[in-house]
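K.L.:
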Amino acid sequence: MGLARFEATTAQLISVEYWAVPYTWSLPHAATVPVAYATAYYAFINRGTLKHNKSILVHCRDEAVGEAADDIALSMKCS
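Numbering (the numbering used here), first residue to last: 643 to 721.
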(Lines of atoms letter the chains of each structure in order from A and count residues from 1; the text may use other names and numbers.)
(Lines give C-alpha, C1' and ligand atoms only; values in the text may rest on other atoms or scores of the structure.)
Protein backbone atom coordinates (compact mmCIF):
# COMPACT_ATOMS: atom_id res chain seq x y z
CA MET A 1 0.00 0.00 0.00
CA GLY A 2 1.18 3.55 -0.43
CA LEU A 3 0.56 7.10 -1.52
CA ALA A 4 0.64 8.57 -5.01
CA ARG A 5 0.14 12.03 -6.45
CA PHE A 6 -3.33 12.93 -7.70
CA GLU A 7 -3.77 11.63 -11.23
CA ALA A 8 -0.61 9.53 -10.96
CA THR A 9 -0.08 7.72 -14.23
CA THR A 10 3.18 5.90 -13.58
CA ALA A 11 4.09 2.86 -11.54
CA GLN A 12 7.32 4.38 -10.25
CA LEU A 13 7.38 4.15 -6.45
CA ILE A 14 9.28 6.20 -3.90
CA SER A 15 10.54 3.96 -1.11
CA VAL A 16 9.26 6.11 1.79
CA GLU A 17 5.75 6.27 0.32
CA TYR A 18 4.80 2.60 0.39
CA TRP A 19 4.53 -0.15 2.98
CA ALA A 20 4.01 -3.90 3.05
CA VAL A 21 0.45 -4.91 3.85
CA PRO A 22 0.31 -7.05 7.01
CA TYR A 23 -0.69 -10.62 6.19
CA THR A 24 -3.73 -10.47 8.50
CA TRP A 25 -5.25 -7.41 6.74
CA SER A 26 -7.60 -7.49 3.79
CA LEU A 27 -6.70 -5.25 0.85
CA PRO A 28 -9.83 -3.09 1.30
CA HIS A 29 -8.88 -2.53 4.96
CA ALA A 30 -5.26 -1.76 4.05
CA ALA A 31 -6.38 0.79 1.46
CA THR A 32 -7.99 2.94 4.16
CA VAL A 33 -4.84 3.30 6.29
CA PRO A 34 -2.75 5.70 4.14
CA VAL A 35 -5.73 7.99 3.56
CA ALA A 36 -6.64 8.15 7.25
CA TYR A 37 -3.10 8.79 8.47
CA ALA A 38 -2.29 11.28 5.70
CA THR A 39 -5.49 13.20 6.48
CA ALA A 40 -4.82 13.29 10.23
CA TYR A 41 -1.17 14.24 9.72
CA TYR A 42 -2.09 17.04 7.32
CA ALA A 43 -4.68 18.40 9.77
CA PHE A 44 -2.39 18.24 12.80
CA ILE A 45 1.00 19.17 11.38
CA ASN A 46 0.47 21.16 8.18
CA ARG A 47 -2.70 23.04 9.09
CA GLY A 48 -2.84 22.83 12.87
CA THR A 49 0.87 23.20 13.71
CA LEU A 50 0.57 20.66 16.52
CA LYS A 51 3.55 20.60 18.88
CA HIS A 52 4.72 17.98 21.37
CA ASN A 53 3.06 17.83 24.82
CA LYS A 54 -0.05 19.85 23.90
CA SER A 55 -3.69 19.09 24.72
CA ILE A 56 -6.03 18.21 21.86
CA LEU A 57 -9.55 16.90 21.34
CA VAL A 58 -9.99 14.05 18.86
CA HIS A 59 -13.59 13.91 17.65
CA CYS A 60 -15.02 10.65 16.21
CA ARG A 61 -12.18 8.50 17.51
CA ASP A 62 -14.08 5.37 16.49
CA GLU A 63 -13.60 6.19 12.79
CA ALA A 64 -10.44 5.70 10.70
CA VAL A 65 -9.25 9.33 10.71
CA GLY A 66 -10.05 9.72 14.40
CA GLU A 67 -8.08 6.60 15.26
CA ALA A 68 -5.15 7.81 13.15
CA ALA A 69 -5.35 11.23 14.82
CA ASP A 70 -5.26 9.58 18.23
CA ASP A 71 -2.19 7.52 17.26
CA ILE A 72 -0.36 10.59 15.93
CA ALA A 73 -1.24 12.63 19.02
CA LEU A 74 -0.04 9.89 21.36
CA SER A 75 3.21 9.56 19.41
CA MET A 76 3.75 13.28 20.01
CA LYS A 77 3.02 12.84 23.73
CA CYS A 78 -0.11 14.99 23.51
CA SER A 79 -3.00 14.58 25.91
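From the three backbone atoms N, C-alpha and C, an ideal C-beta is built for every residue, glycine too.
Within the same chain, show all residues whose beta-carbon is closer than 7 Å to that of S721, passing over the 5 residues directly before and after it, in chain order.
P.N.:
Counting only Cβ-Cβ distances below 7 Å, and skipping sequence neighbours, we find S697.
K.L.:
Determine, using beta carbons only, whether A710 and Y679 come nearer to each other than 9 Å.
P.N.:
Yes, these two residues count as a Cβ contact at 9 Å.
K.L.:
Rounded to whole angstroms, what is the Cα-Cα separation between L699 and V677?
P.N.:
So the alpha carbons of these two residues sit roughly 20 Å apart.
K.L.:
Kindly indicate which residue of H694, G708, W667 and S668 has the alpha-carbon position closest to the one of M718.
P.N.:
Of the candidates H694, G708, W667 and S668, the one whose C-alpha sits nearest the C-alpha of M718 is H694.
K.L.:
Checking 9 Å against the spacing of the C-beta atoms, do A682 and V707 come in under that value?
P.N.:
For A682 and V707, yes; Cβs fall inside 9 Å.
K.L.:
Just curious, the alpha helix (DSSP H) that P716 is in, first and last residue?
P.N.:
Position check: residue 716 holds Leu in this sequence, whereas Pro was assumed. Run containing L716: A706 to S717, per the alpha helix (DSSP H) assignment.
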